[in-house]
Structure formats: structure tokens, C-alpha cells
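2 protein chains.
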Amino acid sequence: MSDRPSEAAVRAWARLERAHRAAVGTVEARLAGAGLPDLAWYDVLLELERAGTGGLRSFQLQAALLFQQYNLSRLVDRMTEAGHVAKAPSPDDGRGLVLTITRSGRALRRKMWPVYALAIEEAVGRHFTDAEARTFGDLLGRLHPSG
Amino acid sequence: MSDRPSEAAVRAWARLERAHRAAVGTVEARLAGAGLPDLAWYDVLLELERAGTGGLRSFQLQAALLFQQYNLSRLVDRMTEAGHVAKAPSPDDGRGLVLTITRSGRALRRKMWPVYALAIEEAVGRHFTDAEARTFGDLLGRLHPSG
DNA sequence: TCAAGATTGATGCAAGTGCATCTATTGGTA
DNA sequence: TACCAATAGATGCACTTGCATCAATCTTGA
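Keeping their order, the protein sequence lines are chains A and B. Going by my numbering, the residue at position 124 of the first sequence is 124; the numbering climbs one at a time, nothing skipped. Going by my numbering, the residue at position 45 of the second sequence is 1045; the numbering climbs one at a time, nothing skipped.
This is the structure:
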């Protein structure tokens, strides 16, 4: 925890930054070019859609996506205003909110997916064989809490 | 270019987002906790220091770091104002600027490094063996233009 | 050599982010 | 039960980013 990093670790870190910037740049450009909302919106929609009718509490969504609390709070505001997300008071916790995706949110996610998918292929897929992509995904998985 | 991505590619992309967010979160928190400027400042300082006395043109720095043009323009403004970067008109190109790091910029980078290094170890290094970190770095390297 | 187009970097304005802090509620402890 | 720390989520304010566009300069090609 308090050791200096190895050369290899420093190189990996530096490349993580560049690779991420390049990949996100490509994907955001494709989404914007198609007149679609940005990645954060997709992330929220997907996570809420996966959660099903029960929805998710704000803090769960925040933990899943690793967004900042204040950031997510305002993002959800915007998406609620746009009609893609619904907020309801939590029955279990008077402080809390339950967030669910709306029909319009599901439609938006479906509309975004084809563009997003092509962008992922362009930004990531085409650089790897399937086996490499699996290895890459495994290594990336080590870096975040949820496994 | 126009194919759908494989499952493995989509998973790798999703994990790239999460891993990056987690790692950057850790590193920014350590820098901020030590009262130091953020990552972008370090990136600029390092790149300019590597460039030596000749400095770099704005567009070169932009390409190296994959920053947005308008973003870098204003970041350099702030760093110049803080005395860490010097701007000079390019002798070869009347439109252009040559950016160099100042003595104070070098000092700042040196001061940031120990904190940054520990953060890199915490965010990345400790999750991998050296061999894994090398493999990881190689795979990441595929995703950005400069090799 | 001169006009048309491309490139470099800056900037006004709107939108998003980060920080600190706030209110409301909950859970733990005495 | 009554208090106090902890947690959920919202928000005011300053700063940063994104978008569109600008002015200045360079390059190309007739």
C-alpha cells in the first residue's frame, strides 16, 4: 500500500489514461454525431433497466456506476425532467429515492444501442481478437471494487 | 469498422470505463488530499519536461495528451498564470505558440511525483504482478493512436 | 501572385462539475 | 425514550468544460 509502483505499473497507468481518453473520445463523438445523449445517460438507463421494476436506490446506482453523489443527483434530475427516469420516495427509508426507468427511457436506450455498439467496435473491438479482449477485460476487472 | 462488437469487446469496454473511473478517483483523491493540482496539470508538466528546452507547440501537446483544443488552451492559460508554463510565439509559424515548462513547473512536478507514485501503486500496481502489469500495458497500448 | 481552403489557437456563452454544506431521516447507545 | 453520530440526497457558488465560432496565419494550386 505504501510501496513505490513498478515501472510496468506506471506504464500501465499512463496507458490506461490515454487509452480511455481515446476510446471515450471515439464513442462520445459517435453518439453526439447521431444526435444522441452521452455515455453517462446510457449507463444510467442500462443499470436501471437491468434492475427491473423494483428500480434502484440512488446510492446503489451511484455505487454501481462510480459516479459522484452530487453528480448523479443532478444527472437524475435532468433525466427525470426529460422523462426517461422516474423518482419515487422509498417505502423503506424516508430519506431515500427509488429510481426506475420509464418506457421512454427504455426506448431511448434501445435507440442508442446500435450507434453505441458500432462505436465500441471501433474504439475497442477491432483492436483485439476475442481472446485478447477477454484477457483485457479480466485484467480491467481487477481494478474495480465490484469484481 | 461497421461490425457489431463481440461480447468480449463489450465487456472489456464496460470494464474500461469502471476501472478508469475507480483508478482516477483514487489518484485524484490522493492528489487533492495532499493539496496538489490535479492529474491534467501533471500530464502537461511531464510532457513539457520531456520535451526539454525546445518546448512543444500547443497542437503537439494536445495530440500527445488527447486533450480537447479549447480545453488545453485554457488549461495552459491557468498554468501560465500560475507560473509553471511559459508561452512564446513560434518562430516558424505566426499562428503558433511554443510552450515550455518553467523552473517552478519542474519543481511542482517533482513535488507531485511521490504522492502520485503512491497513488498509482494503490490504484493499479497492487492489483497486478509485474508480468500482468506488462501485459495490461501492452493491451492498453493497442487502443491509442501513438502506439 | 492571389484567392480558396486549411490550420492554429482563443473566446462568449450555456451546461456540467466539484466543493462545501444543508436538511431530513435513520440507527445505535445509553 | 432521548440523544448523537451516520447516512441519503439536494443545492448555492465558483470553476471547468463543450460547443460554436472567430481572427490570424499558412498552404495549395491555378
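Glycine included, each C-beta is placed from N, C-alpha and C at the ideal position. A quick note: this is a predicted structure, and the numbers were derived from the prediction, not measured.
Using only CA atoms, which one of 81/A, 18/A and 85/A lies nearest to residue 106/A? 85/A
Reduced DSSP category for residue 57/A - H, G, I as helix; E, B as strand; rest coil: strand
Please report how far the alpha carbon of residue 1015/B lies from the alpha carbon of residue 89/A, in whole angstroms. 31 Å
Three or more C-beta pairs under 8 Å: does that hold for the region 1096 to 1111 of chain B against the region 109 to 124 of chain A? no
Cβ atoms of residue 72/A and residue 56/A: under 8 Å apart, would you say? no
Is residue 1046/B helix, strand or coil by DSSP? helix
Do you know offhand how far residue 1115/B's Cα is from residue 26/A's? 31 Å
When you compare the CB of residue 1155/B with every CB in chain A, is at least one pair closer than 8 Å? With chain B represented from 1001 up to 1147, any question about residue 1155/B goes unanswered, as that position is not in the structure.
Taking just the CA atoms, how far does residue 1017/B sit from residue 1010/B? 11 Å
Using only the alpha-carbon positions, how far apart do residue 1051/B and residue 7/A sit? 20 Å
Are the C-beta of residue 120/A and some C-beta of chain B separated by less than 8 Å? yes
Closest by C-alpha distance to residue 1132/B, when choosing among 12/A, 3/A and 4/A: 12/A
is_contact[residue 111/A, chain B] using C-beta, thresh 8 Å: no
Looking at C-alpha atoms only, which residue of 80/A, 142/A and 118/A is the closest neighbour of residue 1124/B? 142/A
Partners in chain A for residue 1033/B, counting only beta-carbon separations shorter than 7 Å: Correct list: empty, because the minimum Cβ distance to chain A is about 14 Å.
Residues in the same chain with beta-carbon distance under 7 Å from residue 1104/B, minus the five sequence neighbours each way, listed in chain order, please. 1083 and 1084
Report yes or no: is there a C-beta of chain A within less than 8 Å of the C-beta of residue 1108/B? no
Span of the beta strand (DSSP E) holding residue 97/A? 97 to 101
Contacts of residue 6/A in chain B (Cβ-Cβ under 7 Å): 1125, 1130 and 1133
Members of the region 42 to 71 of chain A near chain B, C-beta cut-off 7 Å: 66
Is the shortest distance between the beta-carbon of residue 167/A and the beta-carbons of chain B less than 8 Å? An answer regarding residue 167/A cannot be provided, because it is not within the stretch 1 to 147 covered by chain A.
Could you tell me the alpha carbon to alpha carbon distance between residue 33/A and residue 1081/B, rounded to whole angstroms? 35 Å
Counting only the same chain and skipping the five closest in sequence on each side, list residues whose C-beta sits under 6 Å from that of residue 147/A. Low confidence applies here, because residue 147/A scores a pLDDT of 43, under 50, leaving its location unreliable; read the following figure in that light. Excluding positions up to five away in sequence, the list is empty.
Do residue 40/A and residue 66/A come within 8 Å of each other at the CB atom, strictly closer than that value? no
Closest residue to residue 1045/B among 1120/B, 1079/B and 1020/B (Cα-Cα distance): 1079/B
Per DSSP, residue 85/A is paired with what? 101/A
Compute the minimum distance between the beta carbon of residue 1055/B and the heavy atoms of the ligand GDP, and state whether it is under 7 Å. Of ligands this structure carries none, so the ligand GDP is not represented either.
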